[in-house]
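The next block holds one structure in the form of structure tokens; read it before the comments.
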Amino acid sequence: MSFIFKILDLLFPPKCVFCAKVLNKSDDGWCDKCTESLPYTDNLGKQDGDVFDFCVSPLYYTGTVRRSLLRYKFKNASYYSSTYRKVLADCIRELRDNNSSDAAYDIISWVPLSKKRERKRGYDQAMLLANETAFELGDVAVETLKKAIDVQPQSELGDKAERSVNNKGAYVVSDSELISGKRILLIDDIVTTGSTFDECARVLLSSGAKSVICATLARGE
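Numbers given in the working numbering equal positions in the sequence shown, counted from 1, plus 103.
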């Protein structure tokens with residue numbers, strides 16, 4: 104088997120998930136150059152929500168990060184999640200270390216795709232990222248929401264008001280007993296206006312959740 108893996112490495116050498124440069128054996132999913140030059144956010148990229156408490160993001164959605172996430176979502180690069188998890192888990196650990204009470208959570212979950220969109224894409228990228236990140240944190244992610252309506256993609260819309268209207272009623276709680284009195288950490292790949300998180304938080308809180316904080320790999324500048 105080791106011989107087969109060596110042949111595969113020659114034919115399909117592992118590449119940096121961000122810049123696509125061929126990696127050295129010692130590299131862990133991304134290259135040294137990207138480790139130093141990625142667009143890291145200040146203050147964990149923390150932004151407040153109207154309904155959710157806040158969201159943290161280690162990176163800005165620009166340059167190599169944007170191109171990487173587009174490959175992840177639309178070019179079948181689902182395996183990127185096993186590298187992304189390290190960046191996002193580090194961000195969540197730092198949040199917990201610096202804000203122990205505000206950062207407390209009982210459940211890790213994700214913003215789901217509609218079944219139609221998941222069938223077309225072949226996977227739910229937020230679910231993969233949540234599962235991988237939870238594993239990195241020594242935890243497990245569980246489903247708390249379903250997307251009942253396949254609405255227009257948020258990326259095709261303009262301001263926050265328009266995005267909020269688009270998402271209204273799109274999500275339903277999977278199990279209200281599971282979330283009752285619980286603090287939820289909700290994970291997605293990207294946050295821009297926060298309207299999707301606000302709608303998810305509204306549904307979770309109205310069904311008995313105690314609080315909702317959020318985390319994404321990247322945020323809009």
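Ideal Cβ positions, reconstructed from N, Cα and C, are used throughout, including at glycine.
query = What alpha helix (DSSP H) runs, 4 residues minimum, are completely inside the region 120 to 157?
reply = 135 to 140
inquiry  = For V168 and F121, which I take to be in contact (beta-carbon distance under 8 Å), what is that distance rounded to the nearest angstrom?
reply    = 6 Å
key: Assigned exposure category for K250 - 16 Cβ within 10 Å defines buried   = buried
query = Roughly how many angstroms lie between the CA atoms of A207 and D145, to the nearest whole one?
reply = 21 Å
query = Just the Cα atoms here: how many angstroms apart are S184 and L147?
reply = 19 Å
key: F238 versus V275, G225, I210 and T138, residue with shortest Cα-Cα distance   = I210
ask   = Cα separation between R220 and I252?
value = 10 Å
query = C194: which of P161, C134 and P117 sits nearest, CA to CA?
reply = P161
ask   = Whose C-alpha, out of Y187, V243, L198 and A192, is nearest the C-alpha of S212?
value = V243
Boundaries of the beta strand (DSSP E) in which I195 is found, first to last residue = Counting along the chain, I195 falls outside any beta strand (DSSP E), though it belongs to the alpha helix (DSSP H) covering S184 to N201.
S298 - containing alpha helix (DSSP H), residue span = S298 to S309
ask   = Is the beta carbon of V306 less than 8 Å from the beta carbon of L289?
value = no
message = Is the separation between the beta-carbon of I293 and that of A312 shorter than 8 Å?
response = no
ask   = Does the beta-carbon distance from Y274 to C303 come in below 8 Å?
value = yes
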